[in-house]
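Number of protein chains: 4
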Amino acid sequence: MSGNTFGTLFTLTSFGESHGPALGAVVDGCPPGLALSEADLQGDLDRRKPGQSRYTTQRREGDQVRILSGVFEGKTTGTPIGLLIENTDQRSKDYSNIKDLYRPAHADYVYDRKYGFRDYRGGGRSSARETAMRVAAGGIAKKYLREHLGVEIRGYLSQLGDIELPMKDLSAVNENPFFSADPDKVPELEAYMQALIKEGNSVGARVSVIASGVPVGLGEPIFDRLDAELAHALMSINAVKGVEIGDGFAVVAQKGTEHRDEMTPEGFLSNHAGGILGGISTGQDIIAHLALKPTSSLRIPGRSINRQGDAVTVETKGRHDPCVGIRATPIAEAMMALVLMDHLLRHRGQNGTS
Amino acid sequence: MSGNTFGTLFTLTSFGESHGPALGAVVDGCPPGLALSEADLQGDLDRRKPGQSRYTTQRREGDQVRILSGVFEGKTTGTPIGLLIENTDQRSKDYSNIKDLYRPAHADYVYDRKYGFRDYRGGGRSSARETAMRVAAGGIAKKYLREHLGVEIRGYLSQLGDIELPMKDLSAVNENPFFSADPDKVPELEAYMQALIKEGNSVGARVSVIASGVPVGLGEPIFDRLDAELAHALMSINAVKGVEIGDGFAVVAQKGTEHRDEMTPEGFLSNHAGGILGGISTGQDIIAHLALKPTSSLRIPGRSINRQGDAVTVETKGRHDPCVGIRATPIAEAMMALVLMDHLLRHRGQNGTS
Amino acid sequence: MSGNTFGTLFTLTSFGESHGPALGAVVDGCPPGLALSEADLQGDLDRRKPGQSRYTTQRREGDQVRILSGVFEGKTTGTPIGLLIENTDQRSKDYSNIKDLYRPAHADYVYDRKYGFRDYRGGGRSSARETAMRVAAGGIAKKYLREHLGVEIRGYLSQLGDIELPMKDLSAVNENPFFSADPDKVPELEAYMQALIKEGNSVGARVSVIASGVPVGLGEPIFDRLDAELAHALMSINAVKGVEIGDGFAVVAQKGTEHRDEMTPEGFLSNHAGGILGGISTGQDIIAHLALKPTSSLRIPGRSINRQGDAVTVETKGRHDPCVGIRATPIAEAMMALVLMDHLLRHRGQNGTS
Amino acid sequence: MSGNTFGTLFTLTSFGESHGPALGAVVDGCPPGLALSEADLQGDLDRRKPGQSRYTTQRREGDQVRILSGVFEGKTTGTPIGLLIENTDQRSKDYSNIKDLYRPAHADYVYDRKYGFRDYRGGGRSSARETAMRVAAGGIAKKYLREHLGVEIRGYLSQLGDIELPMKDLSAVNENPFFSADPDKVPELEAYMQALIKEGNSVGARVSVIASGVPVGLGEPIFDRLDAELAHALMSINAVKGVEIGDGFAVVAQKGTEHRDEMTPEGFLSNHAGGILGGISTGQDIIAHLALKPTSSLRIPGRSINRQGDAVTVETKGRHDPCVGIRATPIAEAMMALVLMDHLLRHRGQNGTS
């Protein structure tokens, strides 16, 4: 593969640039018989969509997904599912001034060096806009996992800057613009974000995702361990710089007696492992965390160079999220769903059971 | 793939159990003309090999690798390279008592549940013994990268328990049994480990890996980003629970102005990104960190169940590393080498240049 | 993969049903910098398009392809190329009568048995309509191969029923509705086809494809030999039941002295091998032949069963090609182009040269 | 992949040269619980082994296979199965005289041009010696298919030179050195072969393979159709120049009414399709035919060039099969078994049933 296909049996192949005519995807390998319509996917697309609050970019992207194939009389047929989102808000003029500049912390420089030139409109393929297709594709996997196995995948913002956001109530996540599972922290987050926007700066974030109801046995050691594939999937999201499973980096300072999850006939006594041992799901909740860097587009000027190698100053005027991590919650859920779905099918294939 | 092949153009396929007759691997896609002999691979195998100090397991594994194909008159031919290590120290009797037990934090339970039964001798396929083949295969990639591109890949132990080990001097790494790049900390580490062994406990660790000399342009967005593939590769190592690129989880609390690596005509002014932007190498050092959980085999008894679901107490008598993270340093280097090598070939393929 | 992606470095992923809203494809791995527009692809699409003569189906399919991504300012960017063809002529009513029938020699029965139900409109995914996307994608590969390597890929109809059509003049192929390289045979073909249409029957055909200018060295033994991948690609075309390279089945009765292509300092003295030895291109013309079965949809009634297992008689009323082999010529060219392109990139990747 | 791995869920990765120390393979994805020992694989290896009669090469290859992993207490564990055959009869001196020559119809020229140099001992990797590993791996698939699904895969020589060998009695195939299913033709074959050996020439052959008991539904359209994957697998065997499914090239001259396999409530009335429609198995016998070119190594001198481009005469003195097609029968069976096994697992994976 050349990098735009993910998965082995349940695959997502994606295309599209930020300011091209459309984004699209092919989801291949979906089992036949799943009831599916655009409405099933639109909910998560709307959660990811910008412009939902004053704390995310004010770009208006309709993000209306169309299913072009693979569904007949309301059910999946087992053939590939084509998905399309037309780009409706393409203000190319916002970006013409950066045509020859390399914005700091963006992919401008490396795309130019790798490919010889680049689609500079809104970051082209390197824009997080492509994650809309991940969310749509993940919605198919989520629906299958929920309806056929009772698996639920839920994400939340677990830290923004230095504000920690403990998981108090997952039902609150969709009730606030920050995907916070601690509704009491919302005022603090609002104050923080308003100051940040005023300052013209941005900040990092931590997102957590939990899958419950996952059966024992998913994951294919040694290289396609479930945790390794999750790390691949989550690290492939724009701006992610770190991935943890279970206790993650906290294990460095743990003793063996502290870390090991003991078992009794009633089940595990703890879940430091995050639901995965030896690369295979244990039946406990699967828990992953990801670290997202601060948005790279800032109103505060930064030093860089242009294509000719001259020193320049870059200052972003466009509409940007002050914290890209906020909208990453549904994306992380989608990527976890894709990994679990693919591994469910692989496990079935080799072991003949679901 | 069913999980035991890694890579797209430069691939490693691995087989072998801890106490089976042999471990083996096939390295496919190595460019022709690389001078290669067993001696080139043995050095890293010896670094990983147990029994090198009193702080690692006292099992004696010869770990002598044989090259069975793909090399003719001292040079690689472009055909697949077969590698074999015979297992010489197979004390199966050490393990018979755990045949029906699920050792806490081990893969015993999930292997039994996934496959219906398991090779219980020393963990079978789930043993870290298989990483010997990763080190051997990674040695081929390392040699090619060094000789053809000047890339150097160096790892070190950056934390053991709560002892932080800053990178002071990479040349010291192979001069102490801990792979510490801070030789002054060695006495503190020795004291810590002796206490740990006495206690019968284990501890986690953090390993860091740096690749210098990597050209700009490696990585295939959007799913096969270089960082995503590194995360996959590193998380697939036994006991790893977290992976970071560059500043990793520290980005959560960073502001955009703090994180972004500004550029001047002379180059980047910092490397918070860890050498990767938009999933593509920037030409700076590539920096990754991994968190390894404490060894699961402990002399201190733990609660668990047996295959019949009865409560049991598990106490490990065998020879085990009190900190598996120590020997992970050459393994992490090998996995980074495999990823870089594969992406070098993929980049050449699509872009027609090296 | 789940079957709808082809290739390793240069990949085609396809979706779409005969009577769904659209067909689409993602071409991933195209090198950057290739000048590309819809007009470059439309020519071959029009060659394949039905309704071009009275000897092919009278369905009117506009087959206007749109490029949705991967091209910027007229050149490929190295990112995936999204292609879309809207279906404009969807007469679903033609097909409602076959909803519960299994048409003989069609895929109706196996799709129902494999997936539990099927999109019965015009064969759904099993319709040859999907080959439009292969032709569009192959057009990209053809253009790259022509402009960067001087490779030309040309197909022709080499037999229709028992009328053999020797390769006399490749420039005549696009001048007659049969893709015959022997223009003198056209009247005989016309008479044959008119009788066939009157009879309500169909007939098989043989198509030949030649690639000239292919460099020495493409093909990856042992499983991804160039001939093996060509066989895969060509056999995947609807209705194909046989594939030959070079002398094909004639080699069975050949002696070694007769078959072997001797060499002199001026080059090969013959090309029985069809340009491939040991799975690797020799630099000679690559020659492949494929056998296509007669169209399965006939006006002459045939015995079959319905979904309930009852005996039924099936008679097709719709618009169908009396010989599907005729329109297969551009499809076969496209598949050969995809294979050569993929292997060019793979060879470059491993060997560092083009 | 770089060409030495075959399959998606059930994979074979192979290594080894004709005169290297050993051949080996990794079979990944075998379901757990299959009873397996070396003896299960040795039977087919002995059928393929040279030196079994005066009509095949007199090289003595022990071809004793060892299972190095993936089997515990007599049953497969679900982990990769390592296979090894040590090369015991390596008479390198036979080949030193061809070091700088390109033998006509061999892969010498293309390997040198592709890789820059080659292992010239007995053809190195391009030797048919590697097919021993395919036979061993195919034996695992055969056993699973037989025991779990009742699938039987049987091959026979269906033509040698111009002697057609109809399928009269499959039980006779292993009772004569030609794999002929028509025992009455054996004296004619013996006379033909003796004359051929005396002449110093070689001849082509046609091999047929039948799989009975295959369930409906295997095959993943559109690119991974069962017939397309079979074509890939069979064309990847050394010396194969053509592959047919069912009636193969005979369909070119067939009318639709003649070709279509009509159905009644009792089943299909014929099997022109060879058990595959729309790329999916129909439940009928799967029938494939392959054409193998005459052995390239001849005692009769032939014109060629050396590495320096000078004209030379090549005459082979070594031990060679006068008809490589004869020993191809077990290899073709093995490749069909690998394809069916892989598609069984893929079908199970996507459709959740076996």
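Residue numbers (our numbering), protein chains in the order written: chain A, 1 to 354; chain B, 1001 to 1354; chain C, 2001 to 2354; chain D, 3001 to 3354.
Each residue gets a CB set at the ideal place from its N, CA and C atoms; glycine is no exception.
Within this structure, are the beta carbons of residue i and residue j separated by less than 8 angstroms?
{"i": "B/VAL1135", "j": "B/LEU1068", "result": "no"}
{"i": "A/ALA137", "j": "A/LEU12", "result": "yes"}
{"i": "A/VAL243", "j": "A/CYS323", "result": "no"}
{"i": "D/GLY3122", "j": "D/SER3236", "result": "no"}
{"i": "A/LEU83", "j": "A/GLY24", "result": "yes"}
{"i": "A/GLY349", "j": "B/LYS1114", "result": "no"}
{"i": "D/PHE3179", "j": "D/ILE3326", "result": "yes"}
{"i": "D/LEU3041", "j": "D/LEU3345", "result": "no"}
{"i": "D/VAL3071", "j": "D/ILE3081", "result": "yes"}
{"i": "B/MET1336", "j": "B/ILE1153", "result": "yes"}
Could you spell out the range, first to last residue, of the beta strand (DSSP E) harbouring residue i?
{"i": "C/ARG2206", "result": "2205-2212"}
{"i": "D/LEU3290", "result": "3286-3292"}
{"i": "D/ARG3066", "result": "3065-3067"}
{"i": "A/ALA107", "result": "That residue, A/ALA107, is in no beta strand (DSSP E); it is neither H nor E in DSSP."}
{"i": "B/LEU1034", "result": "Unbroken run through B/LEU1034: none, as it is neither H nor E."}
{"i": "A/VAL173", "result": "Premise fails: A/VAL173 is in no beta strand (DSSP E) and is neither H nor E."}
{"i": "C/ARG2303", "result": "2302-2305"}
{"i": "D/LEU3083", "result": "3081-3086"}
Could you have a look at residue i and say whether DSSP puts it in helix, strand or coil?
{"i": "C/LYS2185", "result": "helix"}
{"i": "B/THR1404", "result": "Here chain B has residues from 1001 to 1354 only, and residue 1404 of chain B is not among them."}
{"i": "D/LYS3241", "result": "strand"}
{"i": "B/VAL1251", "result": "helix"}
{"i": "D/GLU3220", "result": "strand"}
{"i": "C/MET2355", "result": "An answer regarding residue 2355 of chain C cannot be provided, because it is not within the stretch 2001 to 2354 covered by chain C."}
{"i": "A/LEU230", "result": "helix"}
{"i": "B/LEU1196", "result": "helix"}
{"i": "B/MET1235", "result": "helix"}
Excluding the five sequence neighbours on either side, which residues of its own chain have a C-beta within less than 6 angstroms of the C-beta of residue i, listed in chain order?
{"i": "A/ARG47", "result": "PRO330"}
{"i": "D/LEU3034", "result": "THR3076, TYR3144"}
{"i": "C/GLU2229", "result": "VAL2339"}
{"i": "A/ASP119", "result": "GLU17"}
{"i": "C/ALA2291", "result": "ARG2206, LYS2241, GLY2242"}
{"i": "D/SER3354", "result": "Low confidence applies here, because D/SER3354 scores a pLDDT of 40, under 50, leaving its location unreliable; read the following figure in that light. Cβ neighbours of D/SER3354 beyond the five flanking positions: ARG3348."}
{"i": "A/ALA239", "result": "LEU292, LYS293, VAL324"}
Under DSSP, the alpha helix (DSSP H) around residue i begins and ends at which residues?
{"i": "B/GLY1007", "result": "From DSSP, B/GLY1007 is part of no alpha helix (DSSP H); its letter is neither H nor E."}
{"i": "D/ALA3334", "result": "3324-3351"}
{"i": "C/ALA2132", "result": "2131-2149"}
{"i": "A/GLU152", "result": "That residue, A/GLU152, is in no alpha helix (DSSP H); its beta strand (DSSP E) goes 152-160."}
{"i": "B/GLY1256", "result": "1256-1259"}
Please return the same chain residues whose Cβ sits closer than 7 angstroms to the Cβ of residue i, not counting the five positions on each side in sequence.
{"i": "A/PRO307", "result": "Reading off the sequence, residue 307 of chain A comes out as Arg, not Pro. Around A/ARG307: ASP100, ASP112."}
{"i": "B/ARG1225", "result": "GLY1219, GLY1279"}
{"i": "A/VAL314", "result": "LEU101, ARG103, PRO104, PRO301, GLY302, SER304"}
{"i": "B/VAL1312", "result": "LEU1101, SER1304, ILE1305, ASN1306"}
Return the chain-ordered list of same chain residues with a C-beta closer than 8 angstroms to the C-beta of residue i, the five sequence neighbours on each side being excluded.
{"i": "B/GLU1175", "result": "PRO1183"}
- Message: Does the structure place the segment 2277-2293 of chain C close enough to the segment 2200-2211 of chain C that three or more beta carbon pairs sit under 8 angstroms?
- Response: yes
- Assess, as a yes-or-no matter, whether the segment 2257-2270 of chain C is touched by the segment 3253-3267 of chain D under the definition of 3 or more beta carbon pairs within less than 8 angstroms. no
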